[in-house]
Amino acid sequence: MLRRRARERGLSPITHLFQKFDVGEKANVKIDPSMHKGQPHVRFHGKTGTVLGSRGSAYLLAVRMGGKEKQIIVRPEHLRKSK
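For the sequence shown, the positions run 995 to 1077 when this note's numbering is used.
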């Protein structure tokens, strides 16, 4: 799950670090295995959540798991804007 394809190996583009998310915006959790800091648990990989706020350089996300809503703290390099 956290393995990259051959042409995607190495460090990610630095622009992933500078992404900005607004409160109420939807974001997809896509774990970047080359960055370990601010990485959510593997069970959240592929989930979509709503941004509740920020915690320093990370974001607080509300993600539905089963019948409950969980709050996770994730750095922006592990998030993608939802379309």
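Cβ atoms here follow ideal geometry from the backbone N, Cα and C, with glycine treated the same way.
(message) Give me the DSSP bridge partner(s) of R1058.
(response) Along the sequence shown, read from residue 1 onward, the residue named residue 1058 stands at position 64. Answer by DSSP bridge pairing, in chain order: E1063.
(request) Could you name the residues of the same chain whose beta carbon sits closer than 7 Å to that of M995, not counting the 5 residues immediately before and after it, in chain order? (result) On the sequence shown, residue 995 is found 1 positions in, with the first residue counted as 1. For M995, where only same-chain residues beyond five positions count, the Cβ hits under 7 Å are V1036, H1039.
(message) I'd like to check one pair, F1015 with V1045: are the Cβ atoms closer than 8 Å?
(response) Here the question's residue 1045 lines up with position 51 in the sequence shown. Here the question's residue 1015 lines up with position 21 in the sequence shown. In this structure, F1015 lies closer than 8 Å to V1045 by Cβ.
(request) Give the single residue among S1006, K1031, P1007 whose Cα lies nearest to the Cα of R1069. (result) Taking the sequence shown and counting its residues from 1, one reaches residue 1069 at position 75. R1069 has its Cα closest to that of K1031, out of S1006, K1031, P1007.
(message) Tell me which residue opens and which closes the beta strand (DSSP E) that G1047 is part of.
(response) The sequence position of residue 1047 within the sequence shown is 53, counting from 1. Taken as a continuous stretch (DSSP letters only), the beta strand (DSSP E) holding G1047 covers 1042 to 1049.
(message) On the CB-based measure, 16 or more other CB atoms within 10 Å of its CB, does I1066 come out buried or exposed?
(response) Taking the first residue of the sequence shown as position 1, residue 1066 is located at position 72. Burial is judged here by how many other beta carbons sit within 10 angstroms of a residue's own beta carbon; I1066 has at least 16 and is buried.
(message) Taking the straight line between their C-alpha atoms, what separation do you get for V1057 and T1042?
(response) Sequence index remark: in the sequence shown, residue 1057 carries index 63 (1-based). Sequence index remark: in the sequence shown, residue 1042 carries index 48 (1-based). V1057 and T1042 have their C-alpha atoms spaced approximately 6 Å apart.
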